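Trainee: The structure under discussion is supplied below as structure tokens; questions concerning it will follow.
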Amino acid sequence: MRQPLPILQQARIASPCGVSWASMRGDDRTRYCNVCEKNVFNLVGMSDEEVTSLIQEKEGSLCVRLYQRADGTLMTSDCPVGLRAVRRRLARAIWAMAACFGVLLTAATFGAAGRFSPWRLRDTQPFSRIANW
Numbered sequence: 009m010r011q012p013l014p015i016l017q018q019a020r021i022a023s024p025c026g027v028s029w030a031s032m033r034g035d036d037r038t039r040y041c042n043v044c045e046k047n048v049f050n051l052v053g054m055s056d057e058e059v060t061s062l063i064q065e066k067e068g069s070l071c072v073r074l075y076q077r078a079d080g081t082l083m084t085s086d087c088p089v090g091l092r093a094v095r096r097r098l099a100r101a102i103w104a105m106a107a108c109f110g111v112l113l114t115a116a117t118f119g120a121a122g123r124f125s126p127w128r129l130r131d132t133q134p135f136s137r138i139a140n141w
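The opening residue of the sequence shown carries number 9 in the numbering used here; numbering runs sequentially from there.
Spelled out as structure tokens, the structure:
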């Protein structure tokens with residue numbers, strides 16, 4: 009089993025910020041906060057190595073967006089638990105789409121069978137004589 013990096017185990021939030029991530033301008037990786045006038049980094053979108061490098065580069069003084077589990081560990085992009093959950097949701101969505109496609113295909117096949125069938129009752133005897141009468 010993969011061991012978490014020590015620097016992430018030691019991370020503590022000194023003063024949590026109440027500014028919404030959605031209210032900041034930027035991309036999914038980095039956004040600018042007008043309140044603290046700093047760049048805010050999204051740790052969830054980074055690997056353990058990228059997070060460690062960023063913390064060392066900024067000497068621990070930075071604003072981040074993160075997801076902290078109940079056990080206190082931080083979630084990053086290469087988190088096996090988070091990756092498993094994403095894969096599970098994706099598999100469910102694919103199966104649901106395949107099931108819908110199968111139902112629609114079956115309905116279309118049975119619905120079209122009556123309209124486009126080459127065999128018709130009025131083409132057989134004695135019904136054809138009555139139909140042409």
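Cβ atoms here follow ideal geometry from the backbone N, Cα and C, with glycine treated the same way. Remember, it's a predicted structure, so these values are computed and weren't measured experimentally.
#1: For the alpha helix (DSSP H) that R37 lies in, which residues bound it at each end?
#2: Closest by CA to A30, which one among R73, F109, C44?
#3: In terms of residue numbering, what span does the alpha helix (DSSP H) encompassing N140 cover?
#4: Could you check whether G53 and R39 sit closer than 8 Å to each other, using their CB atoms as the reference points?
#5: Taking only the alpha-carbon atoms, compute the straight-line gap between D86 and R92 and give it to the nearest angstrom.
#6: How far does the alpha helix (DSSP H) with V59 in it reach, from first residue to last?
Mentor: Let's see:
#1: No alpha helix (DSSP H) holds R37; DSSP gives it neither H nor E.
#2: It is R73.
#3: First-last of the alpha helix (DSSP H) with N140: 135-140.
#4: no
#5: Note that D86 scores a pLDDT of 48, beneath 50, so its modelled location is shaky and nothing firm can be said.
#6: 56-65
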